[in-house]
Amino acid sequence: LKASNFRNSTDNTRSNLQHWQGRPDAMFFDYIGSHPDLAQDFNDAMEGNSRGNLTNWPEMFPTQTLLDGAQPGRAVVVDVGGGKGHDLVKFHVKHPEVGAEALVLQDLASMLKDVKPDPAFTVQTYDFFTPQPVKGARAYFMHGVLHDWPVAKAQEILGNVAAAMERGYSKLLIHENMVNERNPVARVTSLDMLMMAGMAAAEKTEGEWREIVEGVGLKVVKIWTGMDRGEAIIEAELA
């Protein structure tokens, strides 16, 4: 904090990770990707977090609406940065009629290395800082991805999704923590400190999420909530 004049860093090349590693080019996901045991631990932790949701995302958001009007031969849900595919499994449990070819799990090769074949999804290696290869999907889903990144990087990720979306057809579903400014939840505010310290990022309020989404040519359609205090699904589409 002293090095940043006691201001929150918004540059993920100037976080505690670089200070700890003694390298300005050290990046969190590069680091855990080069340590298979840490990559597995991270994936397991994300799966555990998902299992701990009081409301599964296909119950928080009306997923039947994604199937209504879905075009044959196109992806129904692309889970961007989806780790072990646990969220696609939740979708498949609710909608077993949707084939694996229509449910696409995307993540870095280091994160997908130990993912076992599953009838609920197909696997695609993908870096979300590059153009999205699946065009015109019914929905692009991101769970706990964007809060790992400063605003500029989060918008870079979203820009790649927006460029692949089809106007009037594609949806973007952002499943994230949301800071309640009047009644903040301790779990979310503690994660806010963790994101600040380790990633030069932050948890965000509804207003901040709207600014991020609208800044890349998208519009917020609705914000869906369930029993999990502090979590929401932001439904967005091309403006």
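Each number in the numbering used here corresponds to the 1-based position in the sequence shown with 5 added.
Heads up, the beta-carbon is just placed ideally off N, CA and C, and yes, glycines get one too.
Note that this is a predicted model, so its numbers are computed, not measured.
Reference residue i; option with closest CA among the options
| i | options | result |
| --- | --- | --- |
| F4 | L43, A80, P41 | Residue 4 is absent from the model: the chain starts at 6 and stops at 244. |
| G235 | E242, V218, A191, L243 | A191 |
| A144 | N188, L72, D197, Q160 | L72 |
| E181 | Q69, A142, A207, K224 | A207 |
| A205 | D153, D123, Y131, G78 | D153 |
| K99 | P77, P63, T130 | P63 |
| T68 | L177, W214, G88, G212 | L177 |
Terminal residues of the alpha helix (DSSP H) in which residue i lies
| i | result |
| --- | --- |
| F96 | 91 to 99 |
| A159 | 156 to 169 |
| E216 | 211 to 219 |
| T70 | 69 to 72 |
Own chain residues within Cβ distance below 8 Å of residue i, not counting five before or after
| i | result |
| --- | --- |
| N165 | F133, F134, T135, P136, Q137 |
| G90 | D84, L110, V120, D123, A125, F126, V128 |
Residues bridged to residue i (per DSSP)
| i | result |
| --- | --- |
| Y145 | V83, L177 |
| W62 | The partner list for W62 (beta bridge, DSSP) is empty, contrary to what the question assumes. |
| D112 | T130 |
| D123 | F126 |
| N182 | E236 |
Close Cβ partners of residue i (< 7 Å) along its chain, the five nearest in sequence each way excluded
| i | result |
| --- | --- |
| L151 | A159, I162, I179, E181 |
First through last residue of the beta strand (DSSP E) which encompasses residue i
| i | result |
| --- | --- |
| T127 | 127 to 130 |
| Q76 | Unbroken run through Q76: none, as it is neither H nor E. |
| L223 | 223 to 229 |
| L243 | 236 to 243 |
Same chain, Cβ closer than 6 Å to residue i, five either side skipped, listed in chain order
| i | result |
| --- | --- |
| V221 | Q160, L163, G164, A167 |
| H148 | D92, H180 |
Does the count of Cβ pairs from the segment 192 to 202 and the segment 112 to 119 closer than 8 Å reach three?
no
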